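Numbering (the working numbering), first residue to last: 133 to 232.
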């Protein structure tokens with residue numbers, strides 16, 4: 133890295149990549165993306181919740197240290213994933229009731 137501005141930009145990009153990586157993993161565990169290893173869409177609510185909890189912890193631990201766009205992205209990401217989690221969870225509960 134040549135200068136301080138480039139280093140800050142690089143670190144911002146890494147943070148965004150981290151958020152997007154965690155988002156993709158959560159979407160995969162919610163059955164919305166195909167697992168690249170199995171080639172199947174699988175619902176793993178416990179793993180999805182764990183990743184959402186990790187993102188919440190990341191938000192708590194980085195509080196006051198993020199730029200406004202970074203904070204907004206993290207907040208929006210958490211809102212999106214929480215809503216999708218509830219939707220998938222409720223759909224699974226409804227299917228269980230119908231089958232039982």
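Don't be surprised by glycine CBs; every beta carbon is placed ideally from N, CA and C. Since the model is a prediction, treat every value here as computed from it, not as a measurement.
Exposure label - residue i; buried when at least 16 CB within 10 Å
i           : result
residue 194 : exposed
residue 213 : buried
residue 184 : buried
residue 146 : exposed
residue 215 : exposed
residue 189 : exposed
Cβ distance (whole Å) where residue i is taken to contact residue j below 8 Å
i           : j           : result
residue 151 : residue 206 : 6 Å
Residue from the options with nearest C-alpha to residue i
i           : options               : result
residue 143 : 198, 168 and 225      : 198
residue 148 : 209, 216, 224 and 227 : 209
Boundaries of the alpha helix (DSSP H) in which residue i is found, first to last residue
i           : result
residue 198 : First-last for residue 198: undefined, no H or E at that position.
residue 169 : From DSSP, residue 169 is part of no alpha helix (DSSP H); its letter is neither H nor E.
residue 193 : 177-193
residue 138 : 136-161
Cβ contact (3+ pairs, closer than 8 Å) linking the region 178-192 and the region 155-165: yes
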